[in-house]
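Visitor: Residue 394, in full-length UniProt numbering, is where the sequence shown stops; the numbers in between run on with no holes.
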Amino acid sequence: MRLAAINTTASPFHAPASLMLDVVRGFVDASGDNRAMVLYGRGTPQSIPGVVFHKTGNQLSVINHYLWSRTLDRQGLMSRRATAQMIEYLKEFRPDIIHLHNLHGHYLHYPSLLTALERLAVPVVITLHDMWLMTGRCCFSDKCEKWQQSCSHCPNKSYYPPTLLSHGKINHLLKSDCINRLPSVTLVAPSQWAFRRSRESLLRLCPAVIIPNGVRQDVFKPLADKPANKSDGTTTILAIANKWEARKRPDIIRGIAGLLTDDEHLLIVGDTDGLLSGLKNTTYIPPVADYGTLVDIYHRSDWTISASTNETYGMTIAESMSCGTPVIVPSDSAMAEYVSPSDGYIIGRPSPEAFIDAIRNAASDRNRLSPKSPYSRSEAVKKYLDLFATLTND
1 MRLAAINTTA
11 SPFHAPASLM
21 LDVVRGFVDA
31 SGDNRAMVLY
41 GRGTPQSIPG
51 VVFHKTGNQL
61 SVINHYLWSR
71 TLDRQGLMSR
81 RATAQMIEYL
91 KEFRPDIIHL
101 HNLHGHYLHY
111 PSLLTALERL
121 AVPVVITLHD
131 MWLMTGRCCF
141 SDKCEKWQQS
151 CSHCPNKSYY
161 PPTLLSHGKI
171 NHLLKSDCIN
181 RLPSVTLVAP
191 SQWAFRRSRE
201 SLLRLCPAVI
211 IPNGVRQDVF
221 KPLADKPANK
231 SDGTTTILAI
241 ANKWEARKRP
251 DIIRGIAGLL
261 TDDEHLLIVG
271 DTDGLLSGLK
281 NTTYIPPVAD
291 YGTLVDIYHR
301 SDWTISASTN
311 ETYGMTIAES
321 MSCGTPVIVP
331 SDSAMAEYVS
341 PSDGYIIGRP
351 SPEAFIDAIR
361 NAASDRNRLS
371 PKSPYSRSEA
381 VKKYLDLFAT
391 LTND
């Protein structure tokens with residue numbers, strides 16, 4: 001059997017790409033006859049036996065796509081030449097199943113790609129890493145519900161992918177039309193949160209299943225001798241994001257910093273873009289692209305927190321739990337689906353006071369917490385392979 005996978009990047013340190021590569025690796029390992037092809041727009045892949053990688057487009061096409069997206073809301077509607085090259089690779093490879101991940105990111109013309117997939121008439125699986133395919137332009141709706149019916153007069157033009165002029169209504173209809181025309185398409189939601197939104201969107205008629213992304217337990221694992229309490233008595237609170245945009249709620253993180261006592265320390269990881277600078281009792285670490293460093297950060301922390309309610313899974317929270325570090329998350333989030341009483345705390349409406357109260361109130365029973373990975377990556381890969389087998393046998 002032959003599998004083709006498509007994503008913005010093939011870098012293993014990009015969360016959607018990490019899942020894509022693990023599924024591809026599991027697919028070729030499952031049978032000596034299986035072959036896979038990965039098509040991507042940028043990044044440097046690591047070689048996998050039985051897998052061929054093809055990068056389409058170049059830096060100039062990415063820049064051109066970015067400029068059109070930034071000014072006239074043409075995200076996913078440029079890069080025709082790169083997409084034509086991608087389609088030729090698909091025709092030559094003749095896949096039995098196609099797995100799509102992120103179609104945004106300045107690297108392809110999705111109407112051309114999806115029209116070609118319609119003609120190939122092979123099963124297509126789409127993993128919903130975000131809400132971009134369900135909205136007119138945003139990756140996450142963030143308090144806007146227009147995407148359920150018709151996007152227009154976008155209130156979030158500054159959100160990724162940002163634009164000066166919005167054509168959300170047309171883009172919304174175009175995305176749903178292209179996907180709904182596919183003869184065999186299955187959506188994969190990493191959480192109930194994402195699944196519910198797919199059922200409320202214009203893609204509601206597409207079959208959908210839930211497969212949590214899972215965590216690589218061979219990488220993210222607890223220290224056997226990690227002390228329950230540090231000798232210096234400080235409490236380290238970790239807040240981590242690749243990029244601190246509005247949906248990650250940097251306002252709440254800033255509020256938490258203002259409430260810290262001398263024995264409480266905030267560790268912020270990621271590109272803050274100046275949104276979280278100058279906070280007291282705070283250490284800053286730039287975006288991490290190394291698993292060893294990331295695991296060490298989780299081990300150094302007493303708590304990992306997330307104030308975001310716009311996540312399809314919440315990988316950093318799952319990784320933290322797998323490393324044995326307890327977590328605190330909002331109840332109206334995908335993360336709350338897999339955080340049990342032994343893993344940490346679920347708070348109601350996120351606020352600086354709610355997080356600080358949870359941390360301080362937990363001081364007396366901190367030892368009762370024993371966080372564990374909610375779902376392994378190997379389980380996720382098996383679920384995907386089972387889905388592929390079902391779709392190709394129908």
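Here a beta-carbon is modelled for each residue, glycine too, at the ideal position from N, C-alpha and C. Values in this document were obtained by computation on a predicted structure and should not be read as measured data.
1. Using C-beta distances below 7 Å, list every residue in its chain close to Tyr345, excluding the 5 sequence neighbours before and after it, in chain order.
2. Should Asp263 and Thr283 be called a contact, given that it needs their Cβ atoms to be closer than 7 Å?
3. Do you know whose CA, among Leu60, Arg94, Ala246 and Gly258, lies nearest Met78's CA?
4. Identify every residue that forms a DSSP beta bridge with Thr9.
5. Taking C-alpha atoms, which residue in Val38, Phe195 and Ile237 lies nearest to Ser11?
6. Which of the three DSSP states, helix, strand or coil, is assigned to Ser141?
7. What did DSSP end up calling Trp147 once you bin it into helix, strand or coil?
8. Can you list, in chain order, the stretches of the beta strand (DSSP E) that have 3 or more residues and sit fully within the stretch 304-370?
9. Applying the criterion that 16 or more other CB atoms from any shown protein chain within 10 Å of the CB defines a buried residue, is Ser176 buried or exposed?
10. Can you list, in chain order, the residues of its chain with a C-beta nearer than 7 Å to that of Ala241? Leave out the 5 residues immediately preceding and following it.
11. Ends of the beta strand (DSSP E) at Gly292?
12. What is the DSSP secondary structure of His65, reduced to helix, strand or coil?
13. What does the alpha-carbon distance come out to for the pair Leu117 and Leu182?
14. Could you tell me the boundaries of the alpha helix (DSSP H) in which Tyr89 lies?
15. On the criterion of 16 or more Cβ atoms from any shown chain inside 10 Å, does Arg137 qualify as buried, or is it exposed?
16. Measure from the alpha carbon of Asn281 to the alpha carbon of each residue in Asp296, Gly258 and Gly292, then state which is nearest.
17. Distance, Cα to Cα, Lys146 vs Lys243?
18. Buried or exposed: where does Gln149 fall if 16 or more other Cβ atoms within 10 Å of its Cβ makes it buried?
19. Use the C-beta contact count for Thr309: other C-beta atoms within 10 angstroms, 16 or more gives buried, fewer gives exposed.
20. Can you have a look at Ile6 and say buried or exposed, based on whether 16 or more other CB atoms are within 10 angstroms of its CB?
21. Rounded to whole angstroms, what is the Cα-Cα separation between Tyr338 and Phe53?
22. Taking only the alpha-carbon atoms, compute the straight-line gap between residue 430 and Ser373 and give it to the nearest angstrom.
23. Consult DSSP for Thr234 and reduce its assignment to one of helix, strand or coil.
24. Can you give, in chain order, each stretch of the beta strand (DSSP E) that sits fully within the stretch 170-206 and has at least 3 residues?
25. On a CA-only basis, which of Arg119, Tyr291 and Val381 is nearest Glu88? Give me that one, please.
26. Who are the near neighbours of residue 434 in its chain, counting only those whose CB is closer than 7 Å to its CB and skipping five residues on each side?
27. Classify Arg377 as buried or exposed, calling it buried when 16 or more other Cβ atoms lie within 10 Å of its own Cβ.
28. How many Å lie between Asp290 and Ser191 at the Cα?
29. If I follow the unbroken alpha helix (DSSP H) through Asp386, where does it start and stop?
30. Quick check: the stretch 70-77 against the stretch 160-177, are there 3 or more CB pairs under 8 Å?
31. Based on the DSSP output, what are the partners of Ala17 in its beta bridges?
32. According to the neighbour-count rule (16 or more other Cβ atoms, all chains shown, within 10 Å of its Cβ), is Lys143 buried or exposed?
33. Beta carbon of residue 400, beta carbon of Pro350: below 7 Å?
34. Measure the C-alpha to C-alpha separation of His104 and Ser141 and round it to an integer number of angstroms.
Guide: This is what the structure gives:
1. For Tyr345, the CB contacts under 7 Å within the same chain, skipping 5 residues up- and downstream, are Ile328, Ala358 and Ala362 in chain order.
2. For the 7 Å CB-CB criterion, Asp263 and Thr283 do not form a contact.
3. Ranking the options by Cα distance to Met78, first place goes to Leu60.
4. Bridge partners of Thr9: Arg42.
5. Taking Ser11 as reference, the option from Val38, Phe195 and Ile237 with the minimal CA-CA separation is Val38.
6. In the structure shown, Ser141 sits in coil (DSSP, three-state: anything other than H, G, I, E or B).
7. Reduced to three states, the DSSP call for Trp147 is helix.
8. Entirely contained in the stretch 304-370, the beta strand (DSSP E) runs reaching 3 residues are, in chain order, 327-330 and 344-347.
9. Result: buried.
10. The beta carbon of Ala241 sits closer than 7 Å to those of Lys248 and Gly270, all from its chain and outside the five residues before and after it, given in chain order.
11. Here Gly292 belongs to no beta strand (DSSP E); instead the alpha helix (DSSP H) covers Tyr291 to Arg300.
12. DSSP places His65 in helix when its eight states are reduced to three.
13. The alpha-carbon atoms of Leu117 and Leu182 are separated by roughly 7 Å.
14. Here the alpha helix (DSSP H) through Tyr89 covers Arg80 to Phe93.
15. By the Cβ-count criterion, Arg137 is buried, with 16 or more other Cβ atoms from all chains shown falling within 10 Å of its own Cβ.
16. Ranking Asp296, Gly258 and Gly292 by Cα distance to Asn281 puts Gly258 first.
17. Taking the straight line from one Cα to the other gives about 25 Å.
18. Around the beta carbon of Gln149, fewer than 16 other beta carbons sit within 10 angstroms, so the residue counts as exposed.
19. With 16 or more Cβ atoms within 10 Å of its Cβ, Thr309 is classed as buried.
20. Ile6 comes out buried.
21. So the two alpha carbons sit approximately 34 Å from each other.
22. Because the chain in this structure spans residues 1 to 394, residue 430 falls outside the shown range and cannot be described.
23. If DSSP states are grouped into helix, strand and coil, Thr234 belongs with coil.
24. Runs of the beta strand (DSSP E) inside the stretch 170-206: 185-189.
25. The residue from Arg119, Tyr291 and Val381 with its alpha-carbon nearest to that of Glu88 is Arg119.
26. The displayed coordinates of the chain run from 1 to 394. Any statement about residue 434 would go beyond what the structure contains.
27. Arg377 sits buried, since 16 or more C-beta atoms from the chains shown fall within 10 Å of its C-beta.
28. Answer to the nearest angstrom: the Cα atoms are 26 Å apart.
29. Arg377 to Asn393 is the span of the alpha helix (DSSP H), which, as asked, contains Asp386.
30. For the pair of segments examined, the stretch 70-77 was found to touch the stretch 160-177: the number of CB pairs separated by less than 8 Å reaches three.
31. According to DSSP, which records beta bridges pairwise, Ala17 is partnered with nothing at all.
32. Answer is exposed; the Cβ neighbour count stays below 16.
33. The structure shown does not extend to residue 400, since the chain is modelled only from 1 to 394, so the question has no answer here.
34. Roughly 16 Å between the two C-alpha positions.
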